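See structure below.
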Amino acid sequence: MKYIDEFRNISIATKITELIQREARGLKPVNFMEVCGTHTMAVERFGIRKTLPDNVRLISGPGCPVCVTPKDYIDKAIAMADIENIIVFSFGDMLKVPGTSSSLLKQRSKGKVKIVYSPLDSVQFAEKNQDKKIIFLGIGFETTVPTVAASVKYAKKKKLKNFFIYSGHKIMPPAMELLAKDKEVNIKGFLCPAHVSAIIGVKYYRIICRRYNIPCVISGFEPLDILQSILMLIRQVKSKKAKVENQYSRVVKASGNIMALRLIYEVFSISDSDWRGIGVIKNSGLVLSKGYRDFDAEKNMDLPDVKTSVDKGCICGSVLKGIKTPLDCKLFSKRCNPDNPYGACMVSSEGICAAYYRYRK
Amino acid sequence: MKTITLSHGNGGKLMHNLIKDLFLKYLGNPFLNKLGDAALLNFRTRKLAYTTDSFVVKPLFFPGGDIGKLSVCGTVNDLAVSGAMSKYLSCGIIVEDGFNYATLEKITISIRDTCKSAGVNIVAGDFKVVEKGAIDGIFINTSGVGEVSNNSEISVSRITPGDKIIISGTIGDHAASILLAREDLKFKTGIKSDCSPLNKFVSSIICRDIKFMRDPTRGGLATTLNEISLASGYDIAIEESGIPVKESVSALCEILGFDPLYMANEGKLIAIVSKDAATNILAKMRKHALGKSARIIGEVKKEKDKKVYLETRSGGLRILDMIAGEQLPRIC
Numbered sequence: 001m002k003y004i005d006e007f008r009n010i011s012i013a014t015k016i017t018e019l020i021q022r023e024a025r026g027l028k029p030v031n032f033m034e035v036c037g038t039h040t041m042a043v044e045r046f047g048i049r050k051t052l053p054d055n056v057r058l059i060s061g062p063g064c065p066v067c068v069t070p071k072d073y074i075d076k077a078i079a080m081a082d083i084e085n086i087i088v089f090s091f092g093d094m095l096k097v098p099g100t101s102s103s104l105l106k107q108r109s110k111g112k113v114k115i116v117y118s119p120l121d122s123v124q125f126a127e128k129n130q131d132k133k134i135i136f137l138g139i140g141f142e143t144t145v146p147t148v149a150a151s152v153k154y155a156k157k158k159k160l161k162n163f164f165i166y167s168g169h170k171i172m173p174p175a176m177e178l179l180a181k182d183k184e185v186n187i188k189g190f191l192c193p194a195h196v197s198a199i200i201g202v203k204y205y206r207i208i209c210r211r212y213n214i215p216c217v218i219s220g221f222e223p224l225d226i227l228q229s230i231l232m233l234i235r236q237v238k239s240k241k242a243k244v245e246n247q248y249s250r251v252v253k254a255s256g257n258i259m260a261l262r263l264i265y266e267v268f269s270i271s272d273s274d275w276r277g278i279g280v281i282k283n284s285g286l287v288l289s290k291g292y293r294d295f296d297a298e299k300n301m302d303l304p305d306v307k308t309s310v311d312k313g314c315i316c317g318s319v320l321k322g323i324k325t326p327l328d329c330k331l332f333s334k335r336c337n338p339d340n341p342y343g344a345c346m347v348s349s350e351g352i353c354a355a356y357y358r359y360r361k
Numbered sequence: 001m002k003t004i005t006l007s008h009g010n011g012g013k014l015m016h017n018l019i020k021d022l023f024l025k026y027l028g029n030p031f032l033n034k035l036g037d038a039a040l041l042n043f044r045t046r047k048l049a050y051t052t053d054s055f056v057v058k059p060l061f062f063p064g065g066d067i068g069k070l071s072v073c074g075t076v077n078d079l080a081v082s083g084a085m086s087k088y089l090s091c092g093i094i095v096e097d098g099f100n101y102a103t104l105e106k107i108t109i110s111i112r113d114t115c116k117s118a119g120v121n122i123v124a125g126d127f128k129v130v131e132k133g134a135i136d137g138i139f140i141n142t143s144g145v146g147e148v149s150n151n152s153e154i155s156v157s158r159i160t161p162g163d164k165i166i167i168s169g170t171i172g173d174h175a176a177s178i179l180l181a182r183e184d185l186k187f188k189t190g191i192k193s194d195c196s197p198l199n200k201f202v203s204s205i206i207c208r209d210i211k212f213m214r215d216p217t218r219g220g221l222a223t224t225l226n227e228i229s230l231a232s233g234y235d236i237a238i239e240e241s242g243i244p245v246k247e248s249v250s251a252l253c254e255i256l257g258f259d260p261l262y263m264a265n266e267g268k269l270i271a272i273v274s275k276d277a278a279t280n281i282l283a284k285m286r287k288h289a290l291g292k293s294a295r296i297i298g299e300v301k302k303e304k305d306k307k308v309y310l311e312t313r314s315g316g317l318r319i320l321d322m323i324a325g326e327q328l329p330r331i332c
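Those sequence lines, one after another, are chains A and B. According to our numbering, the residues represented by the first sequence are 1 to 361, in order. According to our numbering, the residues represented by the second sequence are 1 to 332, in order.
Okay, here's the thing in structure tokens:
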């Protein structure tokens, strides 16, 4: 496939791997974090970890939107789908996440949950079915928020009274900053997310880079992108000068996508947010802003109280922070596997546990 | 409480466990235990293959096919990959109260047309109507019997290390077409289901050097290869770069986060053939319209861990497991 195969070229990959081996010789062991779930998946799918020298360790970050969505969010979404006349719309991979006693997948078999690829499809469904209330599960980072914001604006323009967002949206830089500070995680370089950066540009990473002296490279998702970015990080570590570099310049502009950013902050405003396994991170979430509160599912609906149970034995939190790997978890591949996921990291195709299970087991 | 979920029906691990722990436990016998696509029965001096299949596809009509066409192809193909040429099929149709007559007629015409192109006849039938809501629209079951060709000896026990693995064409077309139609995804792709009867194609290639065949339907190429590995006991290794995938299917998969290796096909077959005859059989396949994009994709290994390995395009090696749960479009 054009523009994909070029970035999977095995002979170039071998050359970069050799350069990495050479440049890393004598380097003190370093932890680099690939922040984004799609990076994690690509790293496993293409077997990149195995090609790296022992002193360069890739750890997986919290950039899988499904994995960091707290369990009580899922429980509430399931409860919403139980209410008569409500149909819940969601991105596909949210459906398998187990709630306390059910999952959205089970609700789907009752016809109360529908999968969409674009939130705009859900608002159009709302427009055609005004006797029903539509709730869209707003999950994801800066990459997905603009389309959700656009659908809210569309609903406002069409004066729809039956379209709501249950926002679990999160933004990436505050989580990265928290990890940058964490001595236990001890990150010496970030592979910054590709598509999030296409929206937010480079300036947020400059702050993190300056404040914590951590090299940052915005990396594409293909094997050559990732390998080149790792090489760039190693070179920065060796030169002892942390800076922000953009490996994915074919997609990411320094200024980001200004139109998308404007759209996000017109419709949403920043709030604190709970990250599964990590806890509440200040200013890391998005809720509907003042002018758009009529579309906020939580503010406009009587939702039943839900009881959420605590995950016993699940170490998704430490795994999401990169302190532990899935192999350290007692549940991994035994009680917790893709057929019967226990923690969220096993559910999403981008989750680190699913990636380990699928490609390494 | 234990319940049956959609994941029990997708051809993957859960379904295999269900078959083993429930159906074989109570219904097992030497014929059924083989878990072949069709049962091979001796009838006086003749060898017959017998199979059945039920069809519950949603939506009923999709680019490249419909439930009627599918229900003929499914049974014809299960017999064909067992080396048997079918002539006679039975067809049972169950619809719910209120089902549109014109739709039923359209499906029936499609069954007729597919039978014609496959050279088979529906010789026994059944029709039931159930209360509205008791089923989702229409379910169809077909069964078929066919005589095993004298030229063929299809048996998983004939598989030996060094045998080559051939796929008869591009993978994932059927599942991609269904996905686009079912989830109402607004992509303009031109992707069509590959749904077609394989019996004439098999007739044109059948010979003793073909040791085993299977059509990679539910669970796709990866799951079917796992079944073959489990049944034969040998490891299998395939190369990603050799596996034919249409550009449009592969692009759709990249966007949605799907893996074409796990996507269903309805007009393809996997053949395990003896090493020396592989190029010949491949050439024969390519002469037929249904085998134009056939490729040798890998081989049977001597190791006996019952695992399937994929050598990736960028040189890595990974285990290809059976499908787990449903593939669902990812967020971003």
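The beta carbon of each residue, even a glycine, is placed where N, CA and C say it ideally should be. Since we're looking at a predicted model, the values are computed, not measured.
Can you check the segment 263-313 of chain B for any beta strand (DSSP E) of at least 3 residues that lies completely inside it and give the ranges in chain order?
270-273, 295-300, 308-311
Using the three-state DSSP reduction, which class does G172 (chain B) fall into: helix, strand or coil?
coil
Burial state of R250 (chain A) (16 or more Cβ within 10 Å)
exposed
Inter-residue spacing [alpha-carbon to alpha-carbon] between N121 (chain B) and K128 (chain B)
21 Å
Burial state of M259 (chain A) (16 or more Cβ within 10 Å):
exposed
Interface partners of I297 (chain B) on chain E, CB under 8 Å:
Within the model displayed, chain E is absent; protein chains A and B are what it includes.
For G233 (chain B), which residues of its own chain have a beta-carbon under 7 Å away from its beta-carbon, when the five flanking residues on both sides are left out?
K304, K306
Tell me, which residues are paired with S143 (chain B) by DSSP?
B:T52, B:S90
Nearest-angstrom beta carbon gap, D37 (chain B) and S82 (chain B) [assumed within contact, 8 Å]:
5 Å
Where does S28 (chain B) land, buried or exposed, given buried means 16+ other C-beta within 10 angstroms?
The identity of residue 28 (chain B) in the sequence shown is Gly, whereas the question assumes Ser. When all chains shown are included, G28 (chain B) counts as exposed.
Partner residues on chain B for I139 (chain A), Cβ-Cβ distance less than 7 Å
I331
Confirm, please, whether the CB-CB distance from F332 (chain A) to F164 (chain A) is below 7 Å.
no
At the 7 Å Cβ level, is T144 (chain A) part of the contact set with chain B, yes or no?
yes
Using alpha carbons as the reference points, say which of A:G47, A:G322, A:F91, A:D82 lies closest to V66 (chain A).
A:F91
Bounding residues of the beta strand (DSSP E) (the contiguous stretch that carries G68 (chain B)):
Here G68 (chain B) belongs to no beta strand (DSSP E); instead the alpha helix (DSSP H) covers 67-80.
For T224 (chain B), tell me which candidate among B:C195, B:G257, B:I270, B:P197 has the shortest Cα-Cα distance.
B:I270
Is the distance from the Cβ of P70 (chain A) to the Cβ of R276 (chain A) below 7 Å?
yes
First and last residue of the uninterrupted beta strand (DSSP E) at M15 (chain B)
From DSSP, M15 (chain B) is part of no beta strand (DSSP E) but of the alpha helix (DSSP H) over 13-18.
Give me the Cα-Cα distance between K240 (chain A) and T325 (chain A), rounded to the nearest whole angstrom.
28 Å
Which partner residues does R293 (chain A) have in the DSSP bridge list?
Paired residues: none, contrary to the question.
Let's test the definition: count the other Cβ atoms within 10 Å of the Cβ of D302 (chain A) and tell me whether it reaches 16, buried, or not, exposed.
exposed
What does the Cβ neighbour count give for P304 (chain A), buried or exposed, with the cut at 16 atoms within 10 Å?
exposed
With 16 other CB atoms within 10 Å as the buried threshold, where does D5 (chain A) fall?
exposed
If V145 (chain B) and Y88 (chain B) are in contact, beta carbons under 8 Å, what's the gap, nearest whole angstrom?
6 Å
Rounded to a whole number of angstroms, what is the C-alpha to C-alpha distance between S229 (chain B) and K243 (chain A)?
50 Å
Which residues of the segment 48-65 of chain A have a Cβ closer than 9 Å to any Cβ of chain B? Give them in chain order.
I48, K50, T51, C64, P65
What separation, rounded to the nearest whole angstrom, lies between the Cα atoms of G162 (chain B) and G298 (chain B)?
9 Å
Once you ignore the five residues that flank A42 (chain A) on each side, which residues in its own chain have a CB closer than 8 Å to its CB?
I48, F221, E222, P223, I226
Give me the Cβ distance between R182 (chain B) and K58 (chain B), rounded to the nearest whole Å; I'm assuming they're in contact under 8 Å.
6 Å
Residues in the same chain with beta-carbon distance under 8 Å from I319 (chain B), minus the five sequence neighbours each way, listed in chain order, please.
K307, V308, Y309, L310
So I107 (chain B) and G68 (chain B) are in contact, right, with Cβ under 8 Å, and what is the actual spacing, rounded?
4 Å
Can a CB atom of chain A be found closer than 7 Å to the CB of R214 (chain B)?
no
S349 (chain A) touches chain B at which residues, Cβ-Cβ below 7 Å?
G257, R330
Below 8 Å between beta carbons is the criterion; list the residues of the segment 309-321 of chain B that meet it against any residue of chain A, in chain order.
T312, R313, S314, G315, G316, L317, R318, I319, D321
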